[in-house]
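Here is the structure we will look at.
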Amino acid sequence: MKTTASLLRAIGLSILGFFILQFSVDSGEEWAYGKYPVLWLILGVFILFVVAAEMAVAALHRILYETLDEKQKESYHLAEAKRKEKQFAWIKRKYAALVDTKPMAKEEEILLDHEYDGIRELDNNLPPWWKYLFYATIVFAGWYLVYYEIMGGPNQYDEYESEVAAAEIAIAKFKAENKDLVDASSVELLEDPADLKAGKAIYDQSCLACHAADGGGGIGPNLTDEYWILGGGIKNVYHTISEGGRSGKGMVPWKDELKPNEIAQVASYVISLQGTEPADPKEPQGDKWDGGDELIH
Ligand code: HEC
């Protein structure tokens, strides 16, 4: 591991091993190393092998070197030096081009002719990497000016508004896809005719026997008036249908029969009966409700 090349090789192989293990083990969404910590052990053993192999090759190299006679050693050193010079030549060239400094030996050429207390100045070129960065900022500034100030690109307020609009769409979509996430405290009155129609279908099937087809009441109370025993408003009506009425009165909990969204639909239908005139209304029971959508349970 004495040469840069062998060090780079070892590091490269280790990183490669890391990713091969990660992507060849099926761990679903999680990181394979998080799900199966034993992989760290496997990786560790692999890295040990790589290091050992590098060391073995280096040792072999040394032994072979010892078998050379003086002349052979000399030509070997020459060849090695040449190889070293070529190593990373491209990177070295690029680096030199990007910093563009005069080699120390040629500084004489760019020495300015003033001198202050023995301190002299070199007329170096600006480093090209710095210059390119500077040009890039100029291009960026021009683009920025044209895009935001002339062509009316979005400012912070516009960006905020478009993000809020996108979030609202996402929330609406989420709600539409997860209709059964409602409960008595979060339910809102449904006004979509399709929901009310579905609510009426549930009502006609499960509720009309006790509350009459038009909500006028029978065994159960009148649902068309403003008087409620268990509280009015969508949230309390939802709660009553879901959890049932007072025990022994005949209104059972429906939460095992109906899904949350179905309860919301039939509750909305019940609310929609408010103010209609049933054929044979039962006398008002409970208190006049003026609590809006407040949940009293
Ligand atoms: C077996 C008869 C019966 C059936 C079926 C029935 N209810 Fe009731 N319901 C009652 C009775 C009785 C009460 C009064 C409960 C009490 O006093 O605690 C009541 C109360 C209610 C109330 C509260 C009324 C108030 O004044 O607070 C609502 C809302 C209601 N029912 C809706 C429904 C819906 C919707 C269904 C169908 C899913 C349904 N009920 C099915 C008998 C019934």
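Each number in our numbering corresponds to the 1-based position in the sequence shown with 111 added. Beta carbons are placed, not taken as given, at the ideal position from N, Cα and C, and that holds for glycine.
Burial state of residue i, where buried means 16 or more other Cβ atoms lie within 10 Å
i      : result
Pro371 : buried
His350 : buried
Ser353 : buried
Lys286 : exposed
Ile230 : exposed
Gly171 : Residue identity differs from the one stated: residue 171 is Leu in this sequence, not Gly. Exposed: under 16 other Cβ atoms inside 10 Å.
Trp339 : buried
Val298 : buried
Asn289 : exposed
Tyr380 : buried
Glu405 : exposed
Asp180 : exposed
Asp336 : buried
Glu191 : exposed
Lys203 : exposed
Val156 : exposed
Val348 : buried
Element boundaries [alpha helix (DSSP H), containing residue i]
i      : result
Ile407 : From DSSP, Ile407 is part of no alpha helix (DSSP H); its letter is neither H nor E.
Ile340 : Unbroken run through Ile340: none, as it is neither H nor E.
Phe157 : 149-177
Gly310 : 304-317
Gln385 : Note, Gln385: premise wrong, no alpha helix (DSSP H); not H, not E.
Gln183 : 181-197
Glu288 : 267-288
Thr248 : 239-255
Ala208 : 200-210
Arg120 : 115-135
Ala143 : 143-146
Candidates the options: closest to residue i by CA position
i      : options                        : result
Cys321 : Met362, Glu302, Leu307         : Met362
Asp303 : Glu219, Tyr259, Ala375, Ile158 : Ala375
Phe160 : Ser273, Ser125, Glu274         : Ser125
Ala207 : Leu237, Thr178, Ile280, Leu189 : Leu237
Met166 : Asp336, Arg120, Gly331         : Arg120
Leu244 : Ala116, Gly359, Tyr227, Val210 : Val210
Ile313 : Pro332, Ile221, Ala378         : Ala378
Leu223 : Leu233, Lys217, Met215, Pro214 : Leu233
Thr387 : Gly344, Ser358, Leu369, Gly327 : Gly327
Met215 : Gly310, Asp306, Lys360, Asn235 : Asn235
Terminal residues of the beta strand (DSSP E) in which residue i lies
i      : result
Tyr227 : 222-227
Cross-strand partners of residue i (DSSP beta bridge)
i      : result
Arg231 : Glu226
Lys399 : Tyr338
Min CB distance residue i to chain B below 8 Å
i      : result
Arg357 : Annotation note: the requested chain B is absent from the structure, which comprises a single protein chain.
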